[in-house]
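Below: one structure, written as structure tokens.
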Amino acid sequence: DSGVTQTPKHLITATGQRVTLRCSPRSGDLSVYWYQQSLDQGLQFLIQYYNGEERAKGNILERFSAQQFPDLHSELNLSSLELGDSALYFCASSGEAAGGGGYTFGSGTRLTVV
Amino acid sequence: EDQVTQSPEALRLQEGESSSLNCSYTVSGLRGLFWYRQDPGKGPEFLFTLYSAGEEKEKERLKATLTKKESFLHITAPKPEDSATYLCAVQAYDYKLSFGAGTTVTVRA
């Protein structure tokens with residue numbers, strides 16, 4: 003157990019639907035990062051939050067949004083889902099804004115859009 | 085745009101056969117270079133962070149080195165449990181972490 007908790011582990015939904023993925027960071031970590039991993043794209047950085055504030059943005063689609071709450075857990079909202087959104091979504095956390103100590107990843111949420 | 089290229093894509097080794105993985109990168113300003121190990125269906129597991137050229141880090145049978153343009157992950161006398169995908173990532177000064185596609189290592193007993 004890495005200390006980063008992601009729920010749900012698996013999600014199957016239809017095109018056009020909206021889903022919410024949840025992440026609880028490791029105790030004491032203030033930064034949360036979201037990544038998408040698909041077979042043909044590898045790990046793609048989506049967005050980072052640090053202590054509730056958006057810190058960095060990657061290739062996140064406009065249909066996707068995220069937030070980090072006062073208790074530091076984070077949610078990634080995916081809407082108007084398309085088949086191509088099927089992927090593993092990972093959350094990671096670190097104890098500092100720069101993540102110099104290395105990110106700790108959760109075990110991921112596998113999203114299947116049918 | 086920051087780019088990370090890993091080679092080879094796949095590596096099949098006999099137990100005890102040492103080898104090296106390459107990670108070449110271009111980044112606007114390097115804050116750090118990371119190595120991760122990922123097992124199938126699991127999240128990446130942090131191995132090393134390297135910050136400047138010439139730096140080396142070791143952990144059991146793994147040794148990571150860094151130059152201004154590339155990093156190497158040396159696997160010495162690998163065992164079957166070292167089989168995994170090894171990911172390299174660079175962090176730029178804007179905090180973004182960019183990953184390479186990974187090298188899948190298979191070690192046969």
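These protein sequences, in sequence, are chains A and B.
Residue 3 is where the first sequence starts when you use the working numbering, and the numbers rise one by one after that.
Residue 85 is where the second sequence starts when you use the working numbering, and the numbers rise one by one after that.
Backbone N, C-alpha and C fix where the C-beta goes; we use that ideal spot for every residue, glycine too.
Consult DSSP for residue i and reduce its assignment to one of helix, strand or coil.
i	result
B/E129	strand
A/L85	helix
A/E77	strand
B/T142	Before going further, note that residue 142 of chain B is Glu rather than Thr in the sequence given. Strand.
A/E56	strand
B/E165	helix
B/E106	Before going on, a small fix: residue 106 of chain B reads as Asn here, not Glu. Three-state DSSP puts B/N106 in a strand.
A/Y35	strand
A/Q43	coil
Under the rule that 16 or more other beta-carbon atoms within 10 Å means buried, what is residue i, buried or exposed?
i	result
B/F118	buried
A/R65	exposed
B/Q90	buried
B/T151	exposed
A/F71	exposed
B/I159	buried
Any beta carbon of chain A sitting closer than 9 Å to that of residue i?
i	result
B/E144	no
B/K89	For the sequence presented, residue 89 of chain B should be read as Thr rather than Lys. For B/T89, the answer is no, since every Cβ of chain A falls outside 9 Å of its Cβ.
B/T133	yes
B/Y170	no
If you follow the beta strand (DSSP E) that residue i is part of, which residue opens it and which one closes it?
i	result
B/I159	E154 to I159
B/Q98	A94 to Q98
B/Q122	L114 to Q122
A/I14	H12 to T15
B/Q87	Q87 to S91
Report yes or no: is there a C-beta of chain B within less than 9 Å of the C-beta of residue i?
i	result
A/Q46	yes
A/D94	For the record, residue 94 of chain A in the displayed sequence is Ala; it is not Asp. Closer than 9 Å to some Cβ of chain B, the Cβ of A/A94 qualifies, so yes.
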